[in-house]
Every structure is written in structure tokens, then in C-alpha cells.
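> Here it is, the structure in full.
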Amino acid sequence: MPRSRRIPHLEYRRSGYVWRRRWPKSLSERWPDSEPSESAIEPNPLIFKSSRRESGPIGENPYSKLAFRGAAIENPSKSGAASSRSNGGIPSLVFSLKTHAFSEAQELSIRLTALSNLTFHYIASTMTLTPAVVTHVLTTLVRFEIEAADRIRIQGDQRTPEAAEFALRRERALQETLRQALQLRNHEVARRPLQAVSQHLGIALPEDGDDWKSLAYEATRVLLNVSEERERRERGLFHEPSPYFSQGIGQAVQGIAHSAAVSVGIGQPALAMQAFANGQSPAYSGVDPVSPMAQTVSVSPKNFVVPEQAGSPAEGSISVVDSAAQSTSSDNQTPETHFASKRVLLKNCSDKTVTALNKGENITIDEAFDVYFELKLQGYGEEWDKLQKPDEKTGKKWKNSTEPAMLVAKNIWTDLLEHSPVGALSEETVLEQIPIIRELPTLHGKQADLTADEGYRALVKHANTKERIAMDRVERDLERKGVTDQVEIEMAKLEKRIARIRAQTFFKHVRAVNRIGKMLLSFGVIPSNPFVGCTFTNKEEKRISATEEKIARQRWDDRQALLFQTPVFQGQTRNEADPLFWVPIMGFLQGVRSEEALQLGPKDFGSQNGISYMKIRNSEGNNVKSEAGERVLPIHPALIELGLMELVAQKDGEKRKRLFSGIKRGQTKNTYTELFTKEFTRYRQAHGVYWHGLDLHATRTTFHHDLMDLATPGYIRRALMGHEPLDEGERSYAQNGISLKTLHDCVSAVPFDPSLIISPVRNNPQSKTRVKAQKLGLRAI
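Note that the sequence shown ends on residue 2044 in our numbering; no numbers are left out.
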């Protein structure tokens, strides 16, 4: 059939022009050739009507051939092989235009195309599954699966321990299969269960498309949860006590006779389960099991055993037996470590960690922190719901950077929660501790009278008392001196306030315990995370941070000259490789981090085309913040003039591994910076050049500000500072990096006057003149 090359869907046949358009594939897949049941896509009788002339035999799908006011939907599978090949097996909508004139056929074809577009769009938009249908299907699936498992469990005969263990292994294998399906995005595992439920409910579900993928994904998650619930019930673990037990306890607390308390027969659970399957809530006579009196009794599913098999009529009352008196084979199992073994390698963990996990909900908060520490030191990440592989170097880096703060958080939370079992904690109890953490002094544990020897609650109380006494004393002293200016009195009182921890420190300590809860929840050790509230939204962070003074690193201004007038920059260094001299200047002129400067060695320096450079490398024994931190930096001309390369040559001749070989690492973070920053702070304080915010790292901040003042492009600034690239061009199309000459031009433009400083390496005449001028009280020009 010749098709018009200019007008879509227009064809010419012997009888004249016809308009033929294939049914959209997305709709035809939801309109199968088999006879449908109730469907959300049933054709509107005002638009579609059956064609008696083309209707097939009884039992044929009425949708296979439809008339559209004189037109028909042709099903290629029923209209010959040739038609099927031409259409690819997809039905077509055909109109006879009853004309041989092209101009008339063209106008009609354009109108029909526009009308069909609207029609197909309307059908597609009305075929989406509503949230109510999805909820109905999935909840029914859960009810059917749980009810069927409970029926088998109740009515089944006694089985051997081997059979019970086989059932548990089967559930675990099923769970692993479902998790793999979620990982591989395999939606077929949920097709048959969904088809069975939809057939039972009389609901037609889509067989493909976005709606099907969304429904199948949620159904797969539901099936995984159902399997986990079946496994728990196979072990005799239930989320809540038996309703009969709760009812009996509630009535017993109110003094009602036991005979009246247990008024239901042993056969009634089957009726309740049948009502559950029918969508009804079973009615229980007597006292509401969640009445206030009943809530005063603490009942845990692990502290009792309810027989599941029906007994004789004489055993009509429900018996409650302490689990300590009835030890079963399941008591020896360790289900709490089951999920942990699928996330981490427990064989690499200590017996202490495995024992703590085996406690389940009885694991204490300090034990949970210890488990977390051991796993993090092995190099595991925070994705506890996935299988992870340990990495020793990652664990070592975590130990140096994060463990110290986490140890402080452990001490705080362990003390505030009094070593309580995690399963016994409520969200309210946890949230009550957060205000106490907010009031902790900044120098807690660092000042003799601000230690937590008697606990952190006592520490906060002591700090508040000490602060109040000091403020009252200074107010009385000013009053005795006759000071009446309220502003002066207020400012004097504020000076006596004890500084509290900063907002960022507060956020870290609070969030630390939530990490522990997430880990335990992912391992299946606890049913819910009581620390879920230990987090902060962006709005909460801004609101809390707004209550304190903003203390950020600043750019060194004219006070930089005051720093350079101190002894170490005027020739009074301990030796030619004094880090107090070189490291701050490297920060001002190279923008290096203090750790990057302190770990430099003679082998990290070189020259290319007459340009001297230094390499920041993450080699063995070095610590670079990120992958972008590894870089090559051209050396500033001022550092060359001060004799840095002579120092490098000297240390290389001495076979030294580091330029600054006399420094030591700190014991806590195992970094050079840990001790050196404290030394630099004491030096500034001793010589009257200490200002908060103008510290060692602020020299790097000053270098970045100088680059911005020089209008240095962003990609060059990021390369010099060791920051991550921003776009794909920097990441993927700059493999060779920026040329050393370009970087050298930008670094050399940073202003610096080396004549203000006396080099410990070069003993030049100008330096002698400056020293002599200082002795005479003069200034050398």
C-alpha cells in the first residue's frame, strides 16, 4: 500500500485514500489479545463501539476489532502474516476517507492525526494506577502471605529440629534472592504474586511500563519484609505480645478474676486469623489491651512463650511461661548477628564484638560504640545495609581524623544514658539528653575544674554555678566601686561567662550516636532506632548557629607585618630548618596545608624548564586530604630568595627524609599538625600576635584571597589550592593538567616583600645591616 511521503498515516488503496495509524505500543501492551477482566482502560462506549460486521466468533476478544464511527482496529495477528509483518504485531486504527482526491484526503488526514493524538493521550493518562489501588494490592499481598504462613504453622504437625532449621535456611535463601533482585532491578520476581492477587481482587494490572516497574519494586520490598517476618515467627519472635496475653495482663492488673480474664477458647485464634484474612479486625471482649493500667506492665516478646498448637479442651486457658524455664534450640541461635554477618566479616572481629551483637536489644550503649569503633578501624564505611569490604588504610585514616571526636561522644552518651541497653531506650529519653550536651563547656576535660569525673550532668551544673558566682561577684565589686553604668556592668558580667561548645561541635556529638543506631538497625540487632531524632535539618543548623558569634578564619591583614616582626622571622630561629619560620611563609606564598608543608622531603622538590616546584604526594607516611590534594606547585620567587632550595639541597646531602626532621607526630591524630599548631599558637601568644581566627590555616586563606584579588581563574585557583574540580571539563578533559609556567605566573603575582624577613639560610649583607640597625634602634631601608 503506497504511503504518502508528505502526510503521515495517509495511504492510497484501490477503494481510495485511507488513514491508518498503529496503536501506540505503550497502550497495546496493556491491552492484550486475551479477554480482559475489569480494567481501568475499558473503552468509552461513546467513542468505541463493536463492529458487528467484523466481529469474530464467540469467545474472541471484543477489543481485537473495534469500529471508530465506521473505522476498525485491525489486529495483525488475526489478519494474515503479511499484515503482521508490516505492523510488527501491533494493532492499527484504519479509516476509509472515501475519496480519491489528494487535497481532501490531506485535510482529513491532518484532522484525524490530531484527534488520535488527543485520544491516545487521554487513554494513557487515565490508565495510571492510583495510590489507593497500589495500597490495596500490596497490603492484600502481605495479608495473604502472613495468613497462609500462620495457618501452616498452627495446623502443622510436630517437626524435627532439622526440618525447622531447613525452613529457616529456606527463608534466608529467599531473602537473599529478593535482595539480589532489588540490586539487579529484576521486576519479574514479583510478577506471579501480583498476578495472583490482582486476579483474586478482580483488578487488572499493567504488564509493563512505569506503573508496572513501580508496583513490582514495592512488591519486591514487601515480599522481602514478609520473608523476614516469617523467619522471625518461625523462631518464636513477635513484634507484640499475644492479644490474649495483653488482655489477660490488663484484667489481672485491675483485679479481675482469672476465670473472667481468659474467656476465649483455644480455637478462637483461627477465627481471628480468618477475620484478618477477610479484612476485618477481630473483636476482643474485656479490657482494652492498651488501656493505661495495662501499659504500666512492661512486656517483651522475648520474655514469654505462648504455645501455638491447640491443646485439649481442658487446656482452654492460655498459659504464659517464662522463657528462662523453657529453653529451646532456638535460644542457642544468634539471629542478631545474622544480618551483621551479611554486611561485614565477623570472623575478623573480636569475641567481644560478636558477644555484644549476640545480646540483641540488651547491648549497652558503650558496647555498641565499641562495636562501631572496631568496624570503622577495619575500614568499613557507613553503608551498613550493604555488604562491605574492609580496608586497613581507610581505617587508619578514620582513626587519625574521626576517632578522637567519636571517643568524646561515646563518653558523653554513655554517661548520660547510664550504660543502658539500647533496646530499653525510648526516643523521648534520648532527646532529653541533647540540651545537656548543648551546655557543655568548651574546655571540658582540658581545664582542671571542668572535668567530668562525676558525670556530665554534674559538670554542666558545676559550670552554671561557677559562672553565676563569678558574675555576681564582679557585679558586687563594681557596685562597691561606685560604678552605675549598666552597660559597663553587663559587659563585665559577660566576660565571666564560661564558653560553651560551638554549634558545629554540638552537632557532631549529637549525630555520633545516630550513627550507632543506624548500624544496629541495619544489623537487625534492634527493631527500631531510638536515636533517630539525633539529627538536624539545615534550618535547625542555621537557627542554632545564629545564636553564637560567627568565628571564621580571616585573611591576614596589616597584622601580618606584626607577625613578621617577631623574633623567629628576624633571625632568631632555632636552626636553618625551623618550621616556625618556613611553614607560615609557605602558607602565605604557596597555599599549602600545614600537614602538607610539614611532611615535605628533599625528594619532593624539582625543577622543570628553569622553574622550581614542590610535589604534594600521598606517598607512604604522608597524609593528603583528598585525591585533588596531590598536586605540583611552582615555588614562589620570594621563597627562592629566602633560600628554600639551598635548604632542600642541604637536607638532601644529609640524606634526610624530611625537611623538618625535628618535629614529632601527635599521639591522638598521628599527624605533625597536631603538635605544631599548638606550638605556633603558644608562640603567637608569647609575642603578642595572637588573634582569634588568624591562625596557621589562615595563611592558606590569605593566599586564596590574594589569588582572587588578582582575578585568577577558578580552575587555576582550585589546582593550586588542591580543591576538587567543578565540571566535567576539568575532570575529564584536563588529563595533563595546567602547565607549570601558567601556574608559576599566577603564584609569582602574589605580593610579598622578602626584605622584611631575615632568612635562617642565607647570611646576606642586607640581613647583617638589619640586625645592626635593630641593635642601634634604627630601621633599615
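Think of the CB as a built atom: it goes at the ideal place given N, C-alpha and C, for glycine as much as any other residue.
Quick caveat, the model's predicted, so the values are computed rather than measured.
Under the three-state reduction of DSSP, which class applies to Gly1916: helix, strand or coil?
Translated into positions along the sequence shown, residue 1916 becomes position 653. Note: Gly1916 maps to helix in three-state DSSP.
> How long is the line joining the alpha carbons of Pro1750 and Asp1735, rounded to whole angstroms?
On the sequence shown, position 487 is the one that residue 1750 refers to. On the sequence shown, position 472 is the one that residue 1735 refers to. Before going further, note that residue 1750 is Val rather than Pro in the sequence given. Cα-Cα distance, rounded: 15 Å.
> If I follow the unbroken beta strand (DSSP E) through Tyr1280, where does it start and stop?
On the sequence shown, residue 1280 is found 17 positions in, with the first residue counted as 1. Start and end: 1279-1285.
> Suppose the cutoff is 8 Å on Cβ atoms and the five residues either side in sequence are ignored; what does the same chain contact list for Asn1872 look like?
Along the sequence shown, one-based indexing puts residue 1872 at 609. Counting only Cβ-Cβ distances below 8 Å, and skipping sequence neighbours, we find Leu2003, Lys2004.
> For Tyr1275, name the three-state secondary structure that DSSP assigns.
Locating residue 1275 in the sequence shown gives position 12, counting from the first residue. Strand, per DSSP.
> Which residue's Cα is closest to the Cα of Phe1429: Ala1368, Trp1286, Lys1361, Arg1498?
The residue you call residue 1429 lines up with position 166 of the sequence shown. When each option's Cα is compared against that of Phe1429, the closest is Arg1498.
> Which runs of the alpha helix (DSSP H) spanning at least 4 residues fall entirely within the stretch 1954-2028, listed in chain order?
Taking only runs of at least 4 residues, the alpha helix (DSSP H) segments lying wholly in the stretch 1954-2028 are 1960-1972, 1977-1984, 1991-1995, 2003-2011.
> From what residue to what residue does the beta strand (DSSP E) around Leu1896 run?
For this step, residue 1896 is matched to residue 633 along the sequence shown. 1894-1897 is the span of the beta strand (DSSP E), which, as asked, contains Leu1896.
> So, does the stretch 1830-1850 touch the stretch 1896-1914, judging by three or more C-beta pairs under 8 Å?
With the cut-off at 8 Å, the stretch 1830-1850 and the stretch 1896-1914 touch.
> Could you give the distance in angstroms between the alpha-carbon of Ala1482 and the alpha-carbon of Lys1605?
In the sequence shown, residue 1482 corresponds to position 219, counting from 1. In the sequence shown, residue 1605 corresponds to position 342, counting from 1. Their Cα atoms are separated by approximately 23 Å.
> Taking the alpha helix (DSSP H) that Ser1857 belongs to, which residues open and close that run?
Residue mapping note: residue 1857 aligns to position 594 of the sequence shown, counting from 1. From DSSP, the alpha helix (DSSP H) with Ser1857 extends over 1857-1861.
> Per DSSP, what kind of secondary structure is Val1397 in: helix, strand or coil?
The count along the sequence shown starts at 1 and reaches residue 1397 at position 134. Helix, per DSSP.
> Quick one: is Ile1732 buried, meaning 16 or more other Cβ sit within 10 Å of its Cβ, or exposed?
Numbered from 1 along the sequence shown, position 469 holds the residue referred to as residue 1732. Ile1732 is exposed by the Cβ-count criterion.
> Pick from Glu1917, Lys1932, Thr1936: whose alpha carbon is nearest that of Ile1926?
The residue labelled residue 1926 in the question sits at position 663 within the sequence shown. For Ile1926, the nearest C-alpha among the options comes from Thr1936.
> Under 6 Å Cβ to Cβ from Arg2025, same chain only, skipping five residues before and after it: list those, please.
Mapped onto the sequence shown, residue 2025 falls at position 762. Within the same chain, Arg2025 has close Cβ partners Gly1906.
> Within 10 angstroms of its Cβ, does Asn1801 collect 16 or more other Cβ (buried), or is it exposed?
Looking up residue 1801 in the sequence shown gives position 538. Classification of Asn1801: exposed, given that the 10 Å Cβ count is below 16.
> So, does the stretch 1502-1514 touch the stretch 1408-1423, judging by three or more C-beta pairs under 8 Å?
Cβ pair count under 8 Å is below three, so no.
> Check the DSSP bridge columns for Ser1870 and list the partner residues they point to.
By one-based count along the sequence shown, residue 1870 stands at place 607. Paired residues: Ser1875.
> At the level of alpha carbons, what is the spacing between Cys1612 and Pro1653?
To locate residue 1612, count along the sequence shown from 1; it is residue 349. To locate residue 1653, count along the sequence shown from 1; it is residue 390. Roughly 11 Å between the two C-alpha positions.
> Contact check, His1772 vs Val1671 under 8 Å by CB: the rounded distance?
Numbered from its first residue, the sequence shown carries residue 1772 at position 509. Numbered from its first residue, the sequence shown carries residue 1671 at position 408. Sure, about 7 Å apart at Cβ, within 8 Å.
> Is the beta carbon of Ala1459 less than 9 Å from the beta carbon of Leu1486?
Indexing the sequence shown from 1 puts residue 1459 at position 196. Indexing the sequence shown from 1 puts residue 1486 at position 223. Taking 9 Å as the Cβ cut-off, Ala1459 and Leu1486 do not qualify as a contacting pair.
> Going by CA-CA distance only, name the one from Phe1832, Arg1919, Ala1961, Leu1896 that's closest to Ser2018.
Position 755 of the sequence shown, counting from 1, holds the residue named residue 2018. Measuring from the Cα of Ser2018, the nearest candidate turns out to be Phe1832.
> Within the continuous alpha helix (DSSP H) that includes Leu1486, where are the two ends?
Here residue 1486 corresponds to residue number 223 of the sequence shown, with the count starting at 1. Taken as a continuous stretch (DSSP letters only), the alpha helix (DSSP H) holding Leu1486 covers 1473-1497.
> Which of helix, strand or coil does DSSP assign to Phe1617?
Taking the sequence shown and counting its residues from 1, the one referred to as residue 1617 is at position 354. The residue asked about is misnamed: residue 1617 is Val in this sequence, not Phe. The answer is helix: DSSP assigns Val1617 an H, G or I state.
> Can you give the Cα-Cα distance for Glu1839 and Ala1762, rounded to whole angstroms?
Working through the sequence shown from its first residue, we reach residue 1839 at position 576. Working through the sequence shown from its first residue, we reach residue 1762 at position 499. The alpha-carbon atoms of Glu1839 and Ala1762 are separated by roughly 40 Å.
> Should the stretch 1888-1898 be called in touch with the stretch 1985-1995, which here means at least 3 C-beta pairs below 8 Å?
The stretch 1888-1898 vs the stretch 1985-1995: in contact.
> Under the DSSP definition of a beta bridge, which residues are partnered with Arg1763?
Within the sequence shown, residue 1763 is the residue found at index 500, counting from 1. Paired residue(s): Pro1704.
> Going by DSSP, name the residue or residues bridged to Gln1833.
The count along the sequence shown starts at 1 and reaches residue 1833 at position 570. Beta-bridge pairing links Gln1833 to Ile2021.
> By the DSSP assignment, the alpha helix (DSSP H) with Ser1461 in it spans what residues?
Taking the sequence shown and counting its residues from 1, one reaches residue 1461 at position 198. Its alpha helix (DSSP H) spans residues 1454-1464.
> Which residues does DSSP pair with Thr1627 in a beta bridge?
For the purposes of this step, residue 1627 is taken as the residue at position 364 of the sequence shown. Answer by DSSP bridge pairing, in chain order: Pro1684.
> Thinking C-alpha only, which one of Ile1628, Pro1830, Asp1821 is nearest Leu1957?
For the purposes of this step, residue 1957 is taken as residue 694 along the sequence shown, with counting starting at 1. Closest option to Leu1957, Cα to Cα, is Asp1821.
> Who are the Cβ neighbours of Glu1637 in its own chain at under 7 Å, not counting the five residues just before and after it?
Locating residue 1637 in the sequence shown gives position 374, counting from the first residue. Result list for Glu1637: Cys1612, Ser1613, Thr1616, in chain order.
> Just checking my contact of Tyr1876 with Pro1897 at CB under 8 Å: how many whole Å lie between their CB atoms?
Here the question's residue 1876 lines up with position 613 in the sequence shown. Here the question's residue 1897 lines up with position 634 in the sequence shown. Contact holds; Cβ gap of about 5 Å.
> Pairing CB atoms from the stretch 1701-1721 with CB atoms from the stretch 1641-1652, are three or more of them under 8 Å?
At 8 Å Cβ cutoff, the stretches do not touch.
> So does the stretch 1768-1783 actually touch the stretch 1719-1731, counting three or more Cβ pairs closer than 8 Å?
The stretch 1768-1783 is not in contact with the stretch 1719-1731.
> Along the alpha helix (DSSP H) that carries Phe1786, what are the first and last residues, could you check?
For the purposes of this step, residue 1786 is taken as residue 523 along the sequence shown, with counting starting at 1. Unbroken run through Phe1786: none, as it is neither H nor E.
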